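Chains as they are written, first to last, in UniProt numbering: chain A, 1 to 253; chain B, 1 to 253. By construction, the Cβ of each residue, glycine as well, lies at the ideal position given by its N, Cα and C atoms. Quick caveat: nothing in here was measured; it's all calculated off a predicted structure. Notes follow once the structure below has been shown.
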DNA sequence: CAGGTGCGTTGCATTAGTTGCAATGCTCGT
DNA sequence: ACGAGCATTGCAACTAATGCAACGCACCTG
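Printed below as a string of structure tokens:
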């Protein structure tokens, strides 16, 4: 809606790929160098962009600080965290918490496995939306129209042979997940990693977040992992209860 | 430098304080509501701002994802992480990694204490710059002029009776730290928490990061913590070596 | 060491893009 | 059902962003 701001913000994902110099930024934005310079300067003043010693630009520190504050404003996270820790203490595996926002699902909290073999994932990283167990739960709860529209515009990368191959299969999976009230990902993202996930609901019953337990085959088989399902669901329900009991989406200050 | 972008970016820290509606944003920016609306819309399109169900705006998910990528581009972090984990395994206490950027010091990595009593801190949070041991190391290495200028414009909040009270005291402390090559914070931030820190240097000898071990009094006394100093310094030196050996600030793609 | 290339930077005239206003639409509370 | 409060839209006025061309500077190169 605002061209100038639009251009300036387009610089951020560009720099997320790696440092770039003025010329590169100008080219990618398709604007004159002087224009790019002014935009970069403004971003710099706000600390979103940093100029390293070789004069190239990269993302700045304040961005990290802002994201931090953004997460602290998510009250589900605050409420859920102790529950996640407890679950991790009980089963030892990696525990994730994820939310859906604007066509993306991303992890907002994580408790690391206590086993030596750990899976790769990072808080803030958008998850593989077509296969992750938490993603299925979050998308399954979307209103029909939105769900269809989203499933349509998604890509369905075949991470493994068990990845969800296309939109119809995905929608079927979502229906199943919605009905049973939990979800799994059995090697659909990485061949040797399985997950079980359960939804966290707000007072109105809508799914506000999802949590999962993940473990590699070498530690426990998929069957063994599934035996944790009741525990995961109980934890999720406990979080739901606490979340609904408190002020729902209230101001945090 | 660019008014429109400047205004748009000013919205982010504002929303970091908590959700706000259009009117509040317009007021704080001192612009007309329609202007604020357009700026918010642009931020929204880029996912930096999210509109929650009650129509108020808060920081968006992509901000978190961007910050994530920003951190992954910091190669000190990549290199240091395994060392931090190993140090944590050896001593059991909380280990922090911090960098200086644009008048701020912030934590970019953390390994949690294995003791039940943990200190509060979060990756991405700017640190108490006048008292934290890592901050002293990073600032001590700044060129004279910059150091004086910065020390001058800082606030010196008295978190505890042992906090650095003012600029002259701070500069003296920095001189001491620079000379001895390590730093401490003995209850200067929180009465019962002590830290020892050591600098990580690049190939040119400049301090590029600093790491620290922190523990509360109830777990170990300050004296006991100080016995860890050689270990902390050795770890920092190991990281320095690896960092200098590799491509210094090279492109990451 | 002179000349050249590639980059970032600056001042300025043009014009496109942003602004604030006023009017409209919408939602909620009474 | 009515009104208050907020978000939203279209539009004309004008400010502020744009691209150009020229300059400065550092680094190669012959």
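Quiz prompt | Near-chain B residues of the stretch 54-86 of chain A - C-beta to any C-beta below 9 Å | solution = Per Cβ criterion, the list reads 54, 56, 58, 59, 60, 61, 62, 63, 64, 65, 66, 67, 68, 69, 70, 71, 72, 73, 74.
Practice problem: Just the C-alpha distance for residue 162/B and residue 189/B, rounded to the nearest angstrom, thanks. | Solution: Spanning the two alpha carbons is a distance of roughly 8 Å.
Quiz prompt | Same chain, Cβ closer than 6 Å to residue 197/B, five either side skipped, listed in chain order | solution = So the list reads 133, 134, 137, 183, 210, 212, once near-sequence residues are dropped.
Quiz item: So, does the CB of residue 165/A fall closer than 9 Å to a CB anywhere in chain B?
Solution: False, the Cβ-Cβ gap to chain B never drops below 9 Å.
Practice problem: Consider the Cβ of residue 172/A: report whether some Cβ of chain B lies at a distance smaller than 9 Å. | Solution: No, residue 172/A does not count as interfacial toward chain B.
Quiz item: Excluding five sequence neighbours on each side, which residues of the same chain lie with their C-beta closer than 6 Å to the C-beta of residue 123/B?
Solution: By the criterion of a C-beta distance shorter than 6 Å, residue 123/B is surrounded in its chain by 107, 110, once the five residues flanking it on both sides are discounted.
Exercise. Indicate whether at least one CB of chain B lies closer than 9 Å to the CB of residue 122/A.
Key: True, the Cβ-Cβ gap to chain B drops below 9 Å.
Quiz item: Should residue 102/A be flagged as near chain B, meaning a C-beta pair shorter than 9 Å?
Solution: Closer than 9 Å: yes.
Quiz item: Hey, residue 103/B and residue 150/B are a contact pair by Cβ (cut 8 Å); roughly how many whole angstroms apart?
Solution: Right, the Cβ-Cβ distance comes to about 6 Å (below 8 Å), so this counts as a contact.
Exercise. State whether the stretch 78-89 of chain B contacts the stretch 34-51 of chain B, with contact taken as three or more CB pairs (one from each stretch) at a distance under 8 Å.
Key: Output reads no: the stretch 34-51 of chain B does not touch the stretch 78-89 of chain B.
Quiz item: Any idea if residue 187/B is buried or exposed, counting beta-carbon neighbours within 10 angstroms, 16 or more meaning buried?
Solution: Here residue 187/B is buried: its Cβ has 16 or more other Cβ atoms, across all protein chains shown, within 10 Å.
Quiz item: Quick one: complete beta strand (DSSP E) runs, 3+ long, within the UniProt domain "HTH iclR-type" (2-61) of chain B?
Solution: Here the runs fully enclosed are 49-51, 57-59.
Self-check item: Neighbourhood of residue 61/B by C-beta, 8 Å cutoff - its chain only, sequence neighbours within 5 removed
Solution: Cβ within range, chain order: 47, 50.
Quiz prompt | contact_flag[the stretch 35-42 of chain B, the stretch 17-27 of chain B] where n(CB pairs < 8 Å) is 3 or more | solution = Judged by pairs of C-beta atoms under 8 Å, the stretch 35-42 of chain B touches the stretch 17-27 of chain B, as three or more such pairs exist.
Quiz item: Looking only at C-alpha atoms, which of 234/B, 127/B, 240/B sits nearest to residue 157/B?
Solution: Checking every option, the nearest Cα to that of residue 157/B belongs to 127/B.
Quiz prompt | For residue 69/B and residue 7/B, the rounded distance between their alpha carbons | solution = Each residue's Cα considered, the two are about 25 Å apart.
Practice problem: Only counting runs of 3 or more residues, tell me where the beta strand (DSSP E) segments fall wholly within the stretch 160-192 of chain A, in order along the chain. | Solution: Within the stretch 160-192 of chain A, the complete beta strand (DSSP E) runs of at least 3 residues fall at 183-186.
Quiz item: Around the Cβ of residue 206/A, are there at least 16 other Cβ atoms within 10 angstroms (buried) or fewer (exposed)?
Solution: Exposed: under 16 other Cβ atoms inside 10 Å.
Exercise. Pull up the CB-CB distance for residue 19/B and residue 57/B, whole angstroms please, since I reckon it's below 8 Å.
Key: 6 Å between Cβ atoms; contact.
Quiz item: Among residues of its own chain, excluding the 5 on either side of residue 131/B, which ones have a beta-carbon nearer than 6 Å to its beta-carbon?
Solution: If we look at residue 131/B and ignore the five residues flanking it on each side, its Cβ neighbours are 163, 164, 185, 188, 189.
Exercise. Answer with yes or no whether the minimum CB distance from residue 1/A to chain B is below 9 Å.
Key: At least one chain B Cβ lies under 9 Å of residue 1/A.
Practice problem: For residue 247/A, decide whether its Cβ has a neighbour in chain B, counting only Cβ atoms nearer than 9 Å. | Solution: Model confidence at residue 247/A stands at a pLDDT of 42, short of 50, so the residue's coordinates are unreliable; what they give is reported in the following sentence. No - not a single Cβ of chain B is within 9 Å of the one on residue 247/A.
Exercise. Could you tell me which chain B residues have their CB closer than 7 Å to the CB of residue 39/A, listed as they occur along the chain?
Key: Chain B residues near residue 39/A: 2, 5.
Self-check item: Residue-chain proximity (residue 209/A, chain B), Cβ-Cβ < 9 Å
Solution: Using a CB distance cut-off of 9 Å, residue 209/A does not count as an interface residue toward chain B.
Exercise. Output the residue ranges of the alpha helix (DSSP H) runs that lie fully inside the stretch 184-234 of chain B and measure 4 residues or longer, sorted by chain position.
Key: You should have 222-226.
Self-check item: 8 Å Cβ shell around residue 125/A - same chain, five flanking residues per side excluded
Solution: Within the same chain, and ignoring the five residues on either side of residue 125/A in sequence, the residues whose Cβ sits closer than 8 Å to its Cβ are 106, 107.
Self-check item: residue 29/B versus residue 2/A - alpha carbon distance
Solution: If I take the Cα positions, the gap works out to 16 Å.
Exercise. List the endpoints of the continuous beta strand (DSSP E) containing residue 108/B.
Key: Counting along the chain, the beta strand (DSSP E) containing residue 108/B begins and ends at 104-111.
Quiz prompt | Chain-ordered chain A contacts of residue 47/B [CB-CB under 7 Å] | solution = What residue 47/B touches in chain A: 102.
Exercise. Below 7 Å CB to CB, which residues in the same chain sit around residue 250/B once its five sequence neighbours on both sides are set aside?
Key: Because residue 250/B carries a pLDDT of 39, less than 50, the predicted location of this residue cannot be relied on, and the following value inherits that uncertainty. Closer than 7 Å at Cβ, skipping near neighbours: no residue.
Quiz prompt | Under 7 Å from the C-beta of residue 92/B: neighbouring residues of chain A | solution = None at all; the shortest Cβ gap to chain A is about 15 Å.
Quiz prompt | Candidates 193/A, 199/A, 166/A, 72/A, of which the one nearest residue 142/A by Cα | solution = When each option's Cα is compared against that of residue 142/A, the closest is 199/A.
Practice problem: Determine the extent of the beta strand (DSSP E) in which residue 131/A is found, giving its start and end residues. | Solution: Neither: residue 131/A is in no beta strand (DSSP E) and is coded neither H nor E.
Quiz prompt | Boundaries (first-last residue) of the beta strand (DSSP E) holding residue 97/B | solution = Here the beta strand (DSSP E) through residue 97/B covers 94-101.
Self-check item: The alpha helix (DSSP H) enclosing residue 157/A, as first and last residue numbers
Solution: First-last for residue 157/A: undefined, no H or E at that position.
Quiz item: Which term fits residue 255/B, buried or exposed, when burial requires 16 or more other beta carbons within 10 angstroms of its beta carbon?
Solution: Here chain B comprises residues numbered 1 to 253, so residue 255/B is not present and cannot be evaluated.
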